[in-house]
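> In full-length UniProt numbering, the protein residues as written are 1 to 129.
Got a structure for you, written out below as structure tokens; questions coming shortly.
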């Protein structure tokens, strides 16, 4: 009989998401969802199930463009969001993809990436006893 191990419990922290970043993340996640089959897995390893879970967490309600929110995330969640954002940025620059992410500029991508890295650092690596 093989020993099965449960994955270790990942600590969670509360991430505050502004209205603007909520919109950017929703657009980025939906873009990557739409091109997922075209993404080179050697460049960006994005499991479809994980992508779908994150899409669900950051999905905007129809007509609700005026609220931010808080969400419980793990270090791995934030790291995966960085990978997804990097993939969206990379593929939105390619003519072969045919389109860019709705409503986000190159500076917008850079802002989201910096914010995610800063949040990951503040929430998980800079805690002092």
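Ideal Cβ placement from N, Cα and C applies to all residues, glycine included.
#1: For residue 58, which of 21, 87, 125 has the nearest alpha-carbon?
#2: On a Cα-Cα basis, can you pick out the residue from 96, 42, 99, 94 that is closest to residue 83?
#3: Leaving out the 5 sequence neighbours to the left and right, which residues in its chain are closer than 7 angstroms to residue 79 when beta-carbon positions are compared?
#4: My guess is that residue 86 and residue 124 are in contact by the Cβ rule of under 8 angstroms, so how many angstroms apart are they, rounded?
#5: Return yes when the Cβ of residue 35 is within less than 8 angstroms of the Cβ of residue 91, no when it is not.
#6: Hey, residue 19 and residue 98: beta-carbon distance below 8 angstroms or not?
#7: Give the straight-line distance between the Cα atoms of residue 122 and residue 51, rounded to the nearest whole angstrom.
Once the coordinates are examined:
#1: 21
#2: 42
#3: 120
#4: Not a contact, Cβ separation roughly 19 angstroms.
#5: yes
#6: no
#7: 24 angstroms
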